[in-house]
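2 protein chains.
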Amino acid sequence: MTMNVRTLCLGFLSTGEASGYEIKKGIEDGMFSHFIDASFGSIYPALTQLTAEGLLTVRAEEQTGKPDKKVYAITENGRKALARAISVLPAKDKFKSEFLFQMLLHQFITPDVMLAAIDKQLNDLRHDLARIAECRCSEQPHAGARFVADYGEAVLTASVRCLEEKRRELVRQTAAQAAE
Amino acid sequence: MTMNVRTLCLGFLSTGEASGYEIKKGIEDGMFSHFIDASFGSIYPALTQLTAEGLLTVRAEEQTGKPDKKVYAITENGRKALARAISVLPAKDKFKSEFLFQMLLHQFITPDVMLAAIDKQLNDLRHDLARIAECRCSEQPHAGARFVADYGEAVLTASVRCLEEKRRELVRQTAAQAAE
DNA sequence: TTGACACTATATCAGTTCGATATATATCGA
DNA sequence: TCGATATATATCGAACTGATATAGTGTCAA
Chain F
85 MTMNVRTLCL GFLSTGEASG YEIKKGIEDG MFSHFIDASF GSIYPALTQL
135 TAEGLLTVRA EEQTGKPDKK VYAITENGRK ALARAISVLP AKDKFKSEFL
185 FQMLLHQFIT PDVMLAAIDK QLNDLRHDLA RIAECRCSEQ PHAGARFVAD
235 YGEAVLTASV RCLEEKRREL VRQTAAQAAE
Chain R
85 MTMNVRTLCL GFLSTGEASG YEIKKGIEDG MFSHFIDASF GSIYPALTQL
135 TAEGLLTVRA EEQTGKPDKK VYAITENGRK ALARAISVLP AKDKFKSEFL
185 FQMLLHQFIT PDVMLAAIDK QLNDLRHDLA RIAECRCSEQ PHAGARFVAD
235 YGEAVLTASV RCLEEKRREL VRQTAAQAAE
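Chains F and R are the protein sequences, given in the same order.
With my numbering as the guide, the letters of the first sequence map in order to residues 85 to 264.
With my numbering as the guide, the letters of the second sequence map in order to residues 85 to 264.
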């Protein structure tokens, strides 16, 4: 799959028109946020390029009290390009975790740094879980959104459970060593 | 955390000396593989740079039947730099999934493409689970490795369970629609 | 036996993306 | 009224990926 920022923009705009800013916010907060990320530095050039290729249309929208918006909408050719891009076997998931890197090399850090890292990780995971719950309520729940929400919830719940147990174990060990 | 390829190389070499090629293979197959990736294009320059800074040493090793190796080893300054780099709060995990992108936009693909994607995903997940089991046996199981293995196993097992259920659901629905 | 392929090993580079920064305006709370 | 936050677009250096180049060795089937 040609899974780049171009395809991401087409996918987001397949559900309705939006500006570059709204796309960025949408993939930060909405259902996309669990498995994709993109910066302004890649979104804006992608939108310009896609428009030049006829896969999108632009419309300047004046706003009072806010800067003008460039509202993008997907074209019929854009929908075809999107369908083509996602009709192939997906590449393997990519997962990057500084947290697990830290845990693997725990001998280089102090127990309190380790505990702080675990607590931050738990916080991040719970925030993501809350965001999924929000999306479940706010967005209209079509089959695709339910699939992603269920999958994300399953993974995050398992992570939290595992981490909570690891945390208890660590606290127990640290207390035992302090008592010696 | 300055979690770049430089820190990754220091982390890998903290467990013993290795060549650039061995680092690449090691992070593909070993415990690092679950949460990190790096290409030759970033590893080789990083090793050269780290050596110039005195965080690593190099030693050319001649081999019969194979190209010569440049074997890198971490220095005391390197260990200090590693400890410094990982003694801060970790950045949030980054997860990228073309698969979930496809599932969210399932209305653009046919049921057979969707089923093929799910089967590939299940395959990928099971391969990762098998790799964790391998690492458990082969590598000496210090606390850090156990932590990462347990965490990865919990997450992957939850993913597989969720996906298997989703797959059954899809097969049921497709059969029901075909019967109409 | 020879051609295709895979493995070991290092290196480079175009293209993609990130993260930071710049610019401009408006709102809202301290 | 000062700083922070939000809306909105744009640019750019730095980092990284994925592909390709180079080169010798091993393997295996046609």
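Here a beta-carbon is modelled for each residue, glycine too, at the ideal position from N, C-alpha and C.
Handout entry: From Pro174/R, Leu189/R and Val172/R, residue whose alpha carbon lies closest to that of Pro174/F
Key = Leu189/R
Problem - Neighbour list for Ala89/F in chain R, Cβ cutoff strictly below 9 Å - result: Per the sequence presented here, residue 89/F reads as Val, with Ala not at that position. Per Cβ cutoff of 9 Å: no residues; Val89/F is ~12 Å from chain R at best.
Practice task
List the whole-angstrom C-beta distance separating Val239/R from Val239/F, where the pair is believed to meet the contact cut-off of C-beta under 8 Å.
Solution key: 6 Å
Problem - Below-7 Å beta-carbon distance, Lys180/R vs any chain F residue - result: yes
Problem - Sufficient close CB pairs (3 or more, under 8 Å) joining the stretch 108–121 of chain R to the stretch 205–212 of chain F - result: no
Handout entry: Per-residue DSSP class, three states only, for Arg137/R
Key = First, the residue type needs correcting, since residue 137/R is Glu and not Arg in the sequence shown. Looking at Glu137/R - three-state DSSP - the assignment turns out to be coil, as it is neither helix nor strand.
Practice task
Evaluate His211/F with the Cβ neighbour count: other Cβ atoms within 10 Å of its Cβ, from every protein chain shown; 16 or more gives buried, anything less gives exposed.
Solution key: exposed
Handout entry: Residue closest to Thr241/F, alpha-carbon to alpha-carbon, out of Ile202/F, Thr135/F, Arg230/F and Ala214/F
Key = Ala214/F
Practice task
Closer than 8 Å by C-beta to Ile120/R: which residues in its own chain qualify, once you throw out the five before and the five after it? Chain order, please.
Solution key: Leu92 and Ile111
Exercise for the section: Could you work out which residues of chain R lie near Ile120/F, taking near to mean beta carbons separated by less than 7 Å? Expected result: Lys180 and Phe185
Exercise for the section: My understanding is that Thr159/R touches Gly138/R, with C-beta atoms under 8 Å, so please give their C-beta distance in whole angstroms. Expected result: 6 Å
Problem - Extent of the continuous beta strand (DSSP E) run through Val172/F - result: Counting along the chain, Val172/F falls outside any beta strand (DSSP E), and DSSP gives it neither H nor E.
Practice task
Alpha carbon to alpha carbon, how far is Arg245/R from Tyr235/F? Give it in angstroms, no decimals.
Solution key: 10 Å
Handout entry: 8 Å Cβ cut-off: residues of chain F touching Ala175/R
Key = Glu182
Handout entry: CB of Tyr156/R within 7 Å of CB of Leu166/R, strictly
Key = no
Practice task
Count the other C-beta atoms from every protein chain shown that fall within 10 angstroms of the C-beta of His118/F, then say buried if there are 16 or more, exposed otherwise.
Solution key: buried
Practice task
Can you grab the Cα-Cα spacing for the pair Glu145/F / Pro129/R, in whole Å?
Solution key: 47 Å
Practice task
Find the residues of chain R that neighbour Cys246/F, judging by a C-beta separation of less than 8 Å, and give them in chain order.
Solution key: Asp234, Tyr235, Ala238 and Val239
Practice task
Express the C-alpha separation of Val197/F and Lys108/R in angstroms, rounding to a whole number.
Solution key: 28 Å
Handout entry: Which residues DSSP lists as bridging Lys153/F, in chain order
Key = Glu145/F
Exercise for the section: Determine whether the Cβ of Leu199/R lies closer than 7 Å to any Cβ atom of chain F. Expected result: no
Problem - Coarse secondary structure for Phe179/R, derived from DSSP in three states - result: strand
Exercise for the section: On the DSSP bridge assignment, give the partners of Ala102/F in chain order. Expected result: Tyr156/F
Practice task
May I have the straight-line CA-CA distance separating Gly162/R from Phe231/R, to the nearest angstrom?
Solution key: 24 Å
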